[in-house]
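Read top to bottom, the protein sequences are chains A and B.
Numbers 5 to 145, taken from my numbering, label the letters of the first sequence in order.
Numbers 5 to 145, taken from my numbering, label the letters of the second sequence in order.
For reference, the structure is listed below as structure tokens.
Protein chains: 2
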Amino acid sequence: MKLTSKGRYAVMALVDLARFDNINPVSLRDISLRQSISLDYLEQIFSKLKKNEIVKSIRGTQGGYVLNKNPNDIKLTNIFHAVDEKVKTVQCKKESKRGCNGKATKCITHNLWDELEIHINTFFENKSLEDLINDNKETRV
Amino acid sequence: MKLTSKGRYAVMALVDLARFDNINPVSLRDISLRQSISLDYLEQIFSKLKKNEIVKSIRGTQGGYVLNKNPNDIKLTNIFHAVDEKVKTVQCKKESKRGCNGKATKCITHNLWDELEIHINTFFENKSLEDLINDNKETRV
DNA sequence: TACATACCTGACTAAAATGGTCAAGTTTAG
DNA sequence: CTAAACTTGACCATTTTAGTCAGGTATGTA
């Protein structure tokens with residue numbers, strides 16, 4: 005299972021972006037400063053978010069990034085998928101030599117991981133960027 | 005978040021053990037052969053399982069390991085905890101310099117990870133070794 | 001048209017985690 | 001007394017992570 009800082013940074017950056025993009029595009033520099041994430045690293049992350057059409061970029065002076073969808077339509081699944089955080093608990097499939105190829109001779113625990121994956125993915129599919137923004141508003145009252 | 009082969013191996017080995025320990029203790033050698041897990045690695049894992057009182061060891065010829073509890077009382081939580089698979093999604097606390105110390109200035113996504121952790125842990129707390137054994141019987145009919 | 005600001009790309013890397021192996025025991029049934 | 005089995009701890013190759021660095025390219029504004 006992979007669920008690391010990259011995914012977390014992506015979410016943090018997008019929540020930040022969502023809060024400020026009403027008026028102008030938001031520069032990575034600003035996000036970098038506000039969220040304490042390395043600018044270079046942010047660029048890698050946003051490159052992927054852009055490819056997945058989660059954000060749009062606006063070049064030039066006063067440029068930056070803008071959300072490409074309604075915050076309610078951006079689910080966490082989409083974000084993690086974009087930055088290659090695979091919510092794969094365990095890869096049995098690589099180990100075809102060893103008896104678990106997902107077909108006839110599943111390893112004893114195969115079903116378990118399938119179940120878990122579904123369990124986690126459901127969580128992410130039901131959580132949108134908008135939910136996070138709201139959560140955050142509440143917390144900072 | 006950590007959820008890797010070690011945890012999977014632990015579960016596989018215990019399911020295997022549970023199926024064969026009615027009569028005699030089960031040697032790691034047998035488990036190693038049946039589940040294709042390195043014997044040396046199994047030893048590391050069982051050392052931890054023993055410390056956590058999930059299994060008992062019986063030394064000498066014809067020795068081996070036996071479950072120390074009813075399969076129904078061994079929850080997945082216990083197993084993962086024993087082998088140091090921490091279901092910690094993201095450690096914000098290490099980064100106290102950077103604004104998220106879990107106290108006053110939580111990082112924007114802090115609540116999210118807390119929620120996720122609870123979500124996953126609930127899954128593991130409700131799943132016992134016995135459930136897995138039953139699942140497995142069904143699948144192999 | 002210059003130039004600063006911002007995006008864009010790819011190569012590189014230190015440190016940590018992973019998934020083990022290896023060596024050297026100790027214990028006990030037969 | 002010896003082989004089978006547990007026990008302990010050091011060691012290590014590979015992969016992943018979380019970035020850095022070095023160069024670009026595009027474009028709004030003065």
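Built from N, CA and C at the ideal position, the CB exists for glycine as well.
Bear in mind the structure is a predicted one, so any value in this text is a computation, not a measurement.
Reducing DSSP to helix, strand and coil, say where G64(A) ends up. Taking the first residue of the first sequence as position 1, residue 64(A) is located at position 60. Coil at G64(A), not helix or strand.
Taking 7 angstroms as the CB-CB limit, is H85(B) close to chain A? To locate residue 85(B), count along the second sequence from 1; it is residue 81. No, its Cβ sits nowhere closer than 7 angstroms to a Cβ of chain A.
Taking all protein chains shown into account, do 16 or more other C-beta atoms lie within 10 angstroms of the C-beta of G68(B), making it buried, or fewer, making it exposed? Taking the first residue of the second sequence as 1, we reach residue 68(B) at position 64. Buried is the call here.
Within the 7 angstroms Cβ cut-off, does F24(A) reach chain B? Residue 24(A) sits at position 20 when you count from the first residue of the first sequence. Judged by the 7 angstroms Cβ criterion, F24(A) is not in contact with chain B.
Closer than 7 angstroms by beta-carbon distance: list the chain B residues that pair up with L120(A), in chain order. Along the first sequence, one-based indexing puts residue 120(A) at 116. Going along chain B in sequence order, the residues near L120(A) (Cβ under 7 angstroms) are F127.
Taking the alpha-carbon of T81(B) as reference, which of A17(B), G11(B), E129(B) has the nearest alpha-carbon? If you number the second sequence from 1, residue 81(B) lands on position 77. Residue E129(B) is the option with its Cα nearest to T81(B).
Can you list, in chain order, the residues of its chain with a C-beta nearer than 8 angstroms to that of A108(B)? Leave out the 5 residues immediately preceding and following it. Counting from one through the second sequence, the residue named residue 108(B) turns up at place 104. Since pLDDT at A108(B) reaches only 49, below the 50 mark, its modelled position is unreliable, and the value read off the structure follows with that caveat. None.
Per-residue DSSP class, three states only, for L7(A): The count along the first sequence starts at 1 and reaches residue 7(A) at position 3. Three-state result, L7(A): coil.
Does the CB of V15(A) have a neighbour CB from chain B at under 7 angstroms? The residue labelled residue 15(A) in the question sits at position 11 within the first sequence. True, the Cβ-Cβ gap to chain B drops below 7 angstroms.
Would you mind working out which of L32(B), E57(B), H114(B), I49(B) sits nearest R12(B), comparing C-alpha positions? As a working note, residue 12(B) is residue 8 in the second sequence. The option with the nearest alpha carbon to R12(B) is I49(B).
Would you please verify whether the beta carbon of T113(B) is less than 7 angstroms from any beta carbon of chain A? The count along the second sequence starts at 1 and reaches residue 113(B) at position 109. It does: the Cβ of T113(B) has a partner Cβ on chain A nearer than 7 angstroms.
So, for A14(A): in the same chain, excluding its five sequence neighbours on each side, which residues have a beta-carbon less than 6 angstroms away from its beta-carbon? In the first sequence, the residue the question calls residue 14(A) occupies position 10. If we look at A14(A) and ignore the five residues flanking it on each side, its Cβ neighbours are I49, I83, V87.
Determine whether the Cβ of D34(B) lies closer than 7 angstroms to any Cβ atom of chain A. Position 30 of the second sequence, counted from the start, is the residue given in the question as residue 34(B). Not an interface residue.
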